[in-house]
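First up is the structure itself, then whatever we jot down about it.
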């Protein structure tokens, strides 16, 4: 039995692959399939998943039966990943499992998951970003059951206090560029004499890769080359220098901070926050804050709006002996009804065009801004077998950039980080 170690998960958890085996449910009835979810049944996400399983069993009664097991992730990413690790060493993976989008390449390259293209009846309905994040080597290995997005949350009262006309703020159709965004920050900084936007620089996690690559992409830069083989001359080219200089200036000029007050936007400490759709759910507990959402600012050189995307997805175990049944379940779980229910239950962006149409009238204006931005500009993070190493180095790059007194030379910093990523790629 051949074992091969791969890095998966944004926390670089090590997986050990045992080659082709019988699968975790080989002794069960051929029509019975098992799916593992990475969350708790008691969460809105878990409840939506269980509802989908119940509907599947009702619709396919007598043909297929699905059983769900809920294995919540811990704060450090353990729990679920630990169970995956153990199953890999004993050939006991379920028929269907969930995995985070950026890890698609690692799972596919190592033979952990199988392509699902032939089982999908609604592939044309899926958002391009969903297809992009689930595709490796021209085959689709994972299907996202929700999308994600980030925008600039703003406090309406603080904006009005600073004399900012809310009617003139940017939209997805007409976004502001970095220069205009800097002017906005300067106006707010002059009014309140303190940092005015929490950009999450203190979050030493995948957030730094997820939320800040759009600035690089908008400038026309990238983390690695399109074929995934080169970082030197890519991350550290002139576009990279411009993008990271903009990011650095947000702290250097006092507009943002590397030590933000916890829930500072929610409590009125900051006028703005770079946050995701989950922030909308959080703000329900802070009814005194009147807020809106703006799209990402764009590079003044390109004017191209780019926003981050990617979330968890369903995949089929390559060791499953019931791939037809597993494929039917995955197809059912990404139907319009299932995706719509997930979006409404968990305050996440829908993963298909039909789901967008289904929920538009049922969600807030702020959520619709993120949905509109996602449909117009979402870009998936690079799909690389060694993505976790690359992500960690990029996260360090963002952190080092914001320590501007020690890293004032952006070119030198990017040269060093590009070399580190190149080493990981090689």
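In mature numbering (1 follows the signal peptide of the UniProt record, and there is no 0), the protein residues as written are -27 to -1, 1 to 399.
Cβ coordinates follow ideal geometry from the N, Cα and C atoms, glycine included.
- Which of helix, strand or coil DSSP assigns to residue 79: In the chain shown, the residue the question calls residue 79 occupies position 106. Looking at residue 79 - three-state DSSP - the assignment turns out to be helix.
- Task: Using 10 angstroms around the beta-carbon of residue 383, count the other beta-carbons present and answer buried if the total reaches 16, otherwise exposed.
- Result: Numbered from its first residue, the chain shown carries residue 383 at position 410. That one is buried.
- Query: Is residue 290 helix, strand or coil when you go by DSSP?
  - Reply: Start at 1 with the first residue of the chain shown, and residue 290 comes out as number 317. Of the three classes helix, strand and coil, the one that applies to residue 290 here is strand, per DSSP.
- Query: Of all the options 317, 324 and 348, which has the alpha carbon lying nearest to the alpha carbon of residue 334?
  - Reply: Position 361 of the chain shown, counted from the first residue, corresponds to residue 334. Out of 317, 324 and 348, 317 has the C-alpha closest to the C-alpha of residue 334.
- Can you name the residues that DSSP bridges to residue 69? Taking the chain shown and counting its residues from 1, one reaches residue 69 at position 96. Answer is 8 and 289, bridged to residue 69.
- Query: Which residue spans inside the region 109 to 137 form an unbroken alpha helix (DSSP H) run of at least 4?
  - Reply: 129 to 134
- Message: Does the structure place the region 185 to 195 close enough to the region 260 to 280 that three or more beta carbon pairs sit under 8 Å?
- Response: yes
- Message: Can you tell me where the beta strand (DSSP E) holding residue 246 begins and where it ends?
- Response: As a position in the chain shown, residue 246 is number 273, starting the count at 1. Counting along the chain, the beta strand (DSSP E) containing residue 246 begins and ends at 245 to 249.
- Cα separation between residue 222 and residue 169? For the purposes of this step, residue 222 is taken as residue 249 along the chain shown, with counting starting at 1. For the purposes of this step, residue 169 is taken as residue 196 along the chain shown, with counting starting at 1. For residue 222 and residue 169, the distance between alpha carbons rounds to 13 Å.
- Task: Name the residue from 262, 179 and 353 whose alpha carbon lies nearest to the alpha carbon of residue 364.
- Result: Position 391 of the chain shown holds residue 364. Answer by Cα proximity: 179.
- Item | Boundaries (first-last residue) of the beta strand (DSSP E) holding residue 38 | Start at 1 with the first residue of the chain shown, and residue 38 comes out as number 65. Its beta strand (DSSP E) spans residues 38 to 43.
- Query: Would the beta-carbon of residue 99 fall within 8 Å of that of residue 288?
  - Reply: If you number the chain shown from 1, residue 99 lands on position 126. If you number the chain shown from 1, residue 288 lands on position 315. Taking 8 Å as the Cβ cut-off, residue 99 and residue 288 do not qualify as a contacting pair.
- Query: When the Cα atoms are used, what is the spatial distance from residue 149 to residue 389?
  - Reply: For this step, residue 149 is matched to residue 176 along the chain shown. For this step, residue 389 is matched to residue 416 along the chain shown. Our two residues, residue 149 and residue 389, have alpha carbons roughly 32 Å apart in a direct line.
- Below 8 Å, can you find three or more Cβ-Cβ pairs linking the region 323 to 331 to the region 156 to 171? no
- Contact under 8 Å by Cβ, residue 92 with residue 86: Along the chain shown, one-based indexing puts residue 92 at 119. Along the chain shown, one-based indexing puts residue 86 at 113. Their beta carbons are not under 8 Å apart, which means residue 92 does not touch residue 86 by this criterion.
- Contacts around residue 18, its chain only, beta-carbon distance under 6 Å, and the 5 residues preceding and following it disregarded: In the chain shown, the residue the question calls residue 18 occupies position 45. The answer, listed in chain order, is 12 and 319.
- residue 204 and residue 398: beta carbons closer than 8 Å? Along the chain shown, one-based indexing puts residue 204 at 231. Along the chain shown, one-based indexing puts residue 398 at 425. It is a contact, given that the beta carbons lie within the stated cut-off.
- Task: Would you kindly work out how many angstroms separate the C-alpha atoms of residue 21 and residue 15, rounded to a whole number?
- Result: Taking the first residue of the chain shown as position 1, residue 21 is located at position 48. Taking the first residue of the chain shown as position 1, residue 15 is located at position 42. Separation of residue 21 and residue 15 (C-alpha to C-alpha, rounded to the nearest whole angstrom) is 10 Å.
- Using alpha carbons as the reference points, say which of 45, 46, 25 and 52 lies closest to residue 39. The residue given as residue 39 occupies position 66 in the chain shown. Taking the Cα of residue 39 as reference, the smallest distance to any Cα among 45, 46, 25 and 52 is reached at 25.
- Can you check whether the CB of residue 64 is closer than 8 Å to the CB of residue 292? Working through the chain shown from its first residue, we reach residue 292 at position 319. Working through the chain shown from its first residue, we reach residue 64 at position 91. Contact flag set, yes.
- Message: Quick check on this structure: which residue in 226, 301, 69 and 120 has the alpha carbon closest to the alpha carbon of residue 101?
- Response: Counted from its first residue, the chain shown places residue 101 at position 128. Checked all of 226, 301, 69 and 120; the closest Cα to residue 101 is 120.
- CB of residue 125 within 8 Å of CB of residue 302, strictly: The residue you call residue 125 lines up with position 152 of the chain shown. The residue you call residue 302 lines up with position 329 of the chain shown. Result no, Cβ atoms of residue 125 and residue 302 do not sit closer than 8 Å.
- If you drop the 5 nearest sequence neighbours on each side, which residues of the same chain put their C-beta closer than 7 Å to that of residue 253? For the purposes of this step, residue 253 is taken as the residue at position 280 of the chain shown. Correct list, in chain order: 320, 337, 339 and 340.
- Query: Cβ atoms of residue 76 and residue 360: under 8 Å apart, would you say?
  - Reply: Position 387 of the chain shown, counted from the first residue, corresponds to residue 360. Position 103 of the chain shown, counted from the first residue, corresponds to residue 76. Cβ distance < 8 Å, so residue 360 and residue 76 count as in contact.
- Determine the contact status of residue 103 and residue 116, defining contact as a CB-CB distance below 8 Å. Taking the first residue of the chain shown as 1, we reach residue 103 at position 130. Taking the first residue of the chain shown as 1, we reach residue 116 at position 143. Closer than 8 Å, so yes.
- Which class does residue 264 belong to by DSSP, given the choice of helix, strand or coil? Here residue 264 corresponds to residue number 291 of the chain shown, with the count starting at 1. Three-state result, residue 264: strand.
- Nearest-angstrom Cα distance between residue 329 and residue 313? Looking up residue 329 in the chain shown gives position 356. Looking up residue 313 in the chain shown gives position 340. Answer to the nearest angstrom: the Cα atoms are 8 Å apart.
- Query: Beta carbon of residue 129, beta carbon of residue 242: below 8 Å?
  - Reply: Start at 1 with the first residue of the chain shown, and residue 129 comes out as number 156. Start at 1 with the first residue of the chain shown, and residue 242 comes out as number 269. No.
- Query: Does the Cβ of residue 194 have 16 or more other Cβ atoms within 10 Å, making it buried, or fewer, making it exposed?
  - Reply: Working through the chain shown from its first residue, we reach residue 194 at position 221. So residue 194 counts as buried.
- Item | Option nearest residue 157 by Cα separation, candidates 105, 133 and 145 | Start at 1 with the first residue of the chain shown, and residue 157 comes out as number 184. The residue with the shortest Cα to Cα distance from residue 157 is 133.
- Message: Can you list, in chain order, the residues of its chain with a C-beta nearer than 7 Å to that of residue 304? Leave out the 5 residues immediately preceding and following it.
- Response: On the chain shown, position 331 is the one that residue 304 refers to. These residues qualify, in order along the chain: 92, 93 and 94.
- Message: Which of the three DSSP states is assigned to residue 361 in this structure?
- Response: Along the chain shown, one-based indexing puts residue 361 at 388. In this structure, residue 361 counts as helix in the three-state DSSP scheme.
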